[in-house]
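Residue numbers (our numbering): 55 to 315. Even for Gly, the Cβ is constructed at its ideal location relative to N, Cα and C. For reference, the structure discussed in these notes is given below.
As structure tokens, this is what we get:
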């Protein structure tokens with residue numbers, strides 16, 4: 055089961071990359087054809103944004119790519135080229151920008167997991183679910199900048215808190231926050247698939263729809279009986295949660311909760 059899910063995820067990532075390689079030249083060609091047939095002239099800056107619009111529409115309606123990829127097609131390259139035309143930035147700015155994106159988001163084209171930050175309401179709801187008067191061990195899979203883990207450690211200091219993050223810069227920020235707060239928080243730069251979940255009472259994840267089936271299989275295989283698996287926003291297809299908590303935050307977040315049995 056795990057092997058087939060890995061294969062599916064790898065194939066999905068390859069498919070997404072292939073679609074992107076189709077969208078970019080296709081949208082550039084469509085922009086060129088429109089530019090040569092329209093009865094009025096368009097500037098290069100207008101052409102750049104027209105290309106982004108065409109790429110976004112094609113990726114969403116024709117190739118059914120995820121919404122966040124549609125936003126990238128709409129904004130990233132047009133904004134980059136607009137900055138080149140208008141601001142005339144030196145070349146090293148673009149290298150610095152690329153390195154920064156890589157450090158912040160990691161290998162998002164393969165993991166298919168953007169950087170999501172849990173709301174304060176999610177932290178409060180999670181704190182109410184945790185043991186109030188005895189020790190426990192919690193891990194945040196995809197812990198971002200460590201906000202949820204550090205806040206919980208401050209609210210419930212009798213717990214032991216851990217975070218796993220695959221992007222370098224958020225992980226460094228997490229480690230610095232833990233060091234400055236002097237709380238029982240530990241962060242690792244590691245793949246969630248390589249980390250053993252058997253030692254935790256609560257496993258929390260705020261990832262994306264893509265890894266949820268595989269993560270559920272991993273949780274069932276490794277987590278102890280009676281421990282909690284909690285997913286922010288994204289459910290496990292075909293698996294009914296034991297409990298759902300809808301939060302009154304900016305995105306009407308839902309926490310899906312399973313007790314391992």
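Beta strand (DSSP E) segments (min. 3 residues) lying fully within the segment 225-251:
Correct list: 239-243.
Are the beta-carbon atoms belonging to residue 289 and residue 258 less than 8 Å from one another?
-> If you number the chain shown from 1, residue 289 lands on position 235. If you number the chain shown from 1, residue 258 lands on position 204. Note that the C-beta distance between residue 289 and residue 258 is not below 8 Å.
*asked:* Between which residues of its own chain and residue 315 is the CB-CB distance below 7 Å, once the five residues before and five after are set aside?
replied: Residue mapping note: residue 315 aligns to position 261 of the chain shown, counting from 1. 279.
ask   = residue 191 and residue 218 look like a contact to me (Cβ under 8 Å); what is the Cβ gap, rounded to whole Å?
value = If you number the chain shown from 1, residue 191 lands on position 137. If you number the chain shown from 1, residue 218 lands on position 164. Wrong, their Cβ atoms sit about 13 Å apart, outside the cutoff.
Original post:
Straight-line CA distance for residue 67 to residue 224?
Top reply: Locating residue 67 in the chain shown gives position 13, where the first residue counts as 1. Locating residue 224 in the chain shown gives position 170, where the first residue counts as 1. Note that residue 67 scores 43 on pLDDT, short of 50, meaning its location in the model is unreliable and no value can be drawn from it.
query = With a cut-off of 8 Å, does the C-beta of residue 90 fall near any C-beta of chain B?
reply = This model lacks chain B altogether, as it is built from one protein chain only.
task: Report back the beta-carbon spacing between residue 332 and residue 312 to the nearest angstrom; my notes put them in contact at under 8 Å.
output: The structure shown does not extend to residue 332, since the chain spans only 55 to 315, so no value can be given for it.
*asked:* Would residue 176 and residue 200 be called neighbours here (beta carbons separated by less than 8 Å)?
replied: The residue given as residue 176 occupies position 122 in the chain shown. The residue given as residue 200 occupies position 146 in the chain shown. No; because the gap between Cβ atoms is not below 8 Å, this pair is not in contact.
Check: Going straight from the alpha carbon of residue 214 to that of residue 299, what length do you get?
Finding: As a working note, residue 214 is residue 160 in the chain shown. As a working note, residue 299 is residue 245 in the chain shown. So the alpha carbons of these two residues sit roughly 24 Å apart.
If you reduce the DSSP assignment to three classes, tell me which class residue 298 lands in. As a working mapping, residue 298 is identified with position 244 in the chain shown. Strand at residue 298.
Identify which residue in 236, 183 and 230 has its Cα closest to the Cα of residue 207. As a working mapping, residue 207 is identified with position 153 in the chain shown. Looking at the Cα atoms, 236 is the closest of the given residues.
Counted within 10 angstroms of its Cβ, other Cβ atoms place residue 306 as buried (16 or more) or exposed: Translated into positions along the chain shown, residue 306 becomes position 252. By the 10 Å Cβ count, residue 306 comes out exposed.
* Can you tell me the Cβ-Cβ gap for residue 196 and residue 260, rounded? I've got them flagged as a contact below 8 Å. => Walking along the chain shown from the start, residue 196 turns up at place 142. Walking along the chain shown from the start, residue 260 turns up at place 206. Contact between residue 196 and residue 260 holds, with the beta-carbon distance rounding to 6 Å and staying under 8 Å.
Only counting the same chain, and skipping five residues up and downstream in sequence, which positions put a Cβ closer than 6 Å to that of residue 60? Position 6 of the chain shown, counted from the first residue, corresponds to residue 60. Because the pLDDT of residue 60 is 40, which lies under 50, any placement of that residue in the model is unreliable, and the number read from its coordinates should be weighed accordingly. Setting aside the 5 residues that flank it on each side, residue 60 has no residue in the same chain whose C-beta is closer than 6 Å to its C-beta.
#### Entry: residue 91 to residue 143 span [Cα, whole Å]
Residue numbering aside, residue 91 sits at position 37 when the chain shown is read from its first letter. Residue numbering aside, residue 143 sits at position 89 when the chain shown is read from its first letter. When the Cα atoms are used, residue 91 and residue 143 turn out to be separated by approximately 32 Å.
- Item | Straight-line Cα distance separating residue 216 from residue 194 | Residue numbering aside, residue 194 sits at position 140 when the chain shown is read from its first letter. Residue numbering aside, residue 216 sits at position 162 when the chain shown is read from its first letter. Whole-angstrom Cα-Cα distance: 6 Å.
Q. Around the C-beta of residue 146, are 16 or more other C-beta atoms found within 10 angstroms, so that it is buried, or is it exposed?
A. For the purposes of this step, residue 146 is taken as the residue at position 92 of the chain shown. That one is exposed.
Could you name the residues of the same chain whose beta carbon sits closer than 7 Å to that of residue 19, not counting the 5 residues immediately before and after it, in chain order? As displayed, the chain neither begins before 55 nor continues past 315, which places residue 19 out of reach and without an answer.
query = Three-state secondary structure (DSSP) at residue 94?
reply = Residue 94 sits at position 40 when you count from the first residue of the chain shown. In this structure, residue 94 counts as coil in the three-state DSSP scheme.
* To do: Let me know if residue 228 comes out buried or exposed under the rule of 16 or more other beta-carbons within 10 Å of its beta-carbon.
  => Looking up residue 228 in the chain shown gives position 174. Label assigned to residue 228: buried.
Open item on the list: Can you check which of these residues, 110, 181, 204 and 118, is closest to residue 79 by C-alpha distance?
Closed with: Within the chain shown, residue 79 is the residue found at index 25, counting from 1. Among 110, 181, 204 and 118, the Cα nearest to that of residue 79 belongs to 110.
- Note the first and the last residue of the continuous beta strand (DSSP E) segment covering residue 278. Along the chain shown, one-based indexing puts residue 278 at 224. Careful: residue 278 lies outside any beta strand (DSSP E) and carries neither H nor E.
Next item on the list: Report the three-state DSSP secondary structure of residue 137 (helix, strand or coil).
Entry: Numbered from its first residue, the chain shown carries residue 137 at position 83. The answer is helix: DSSP assigns residue 137 an H, G or I state.
Check: If residue 179 and residue 209 are in contact, beta carbons under 8 Å, what's the gap, nearest whole angstrom?
Finding: Working through the chain shown from its first residue, we reach residue 179 at position 125. Working through the chain shown from its first residue, we reach residue 209 at position 155. Actually they are not in contact, since the Cβ atoms of residue 179 and residue 209 sit about 12 Å apart, beyond 8 Å.
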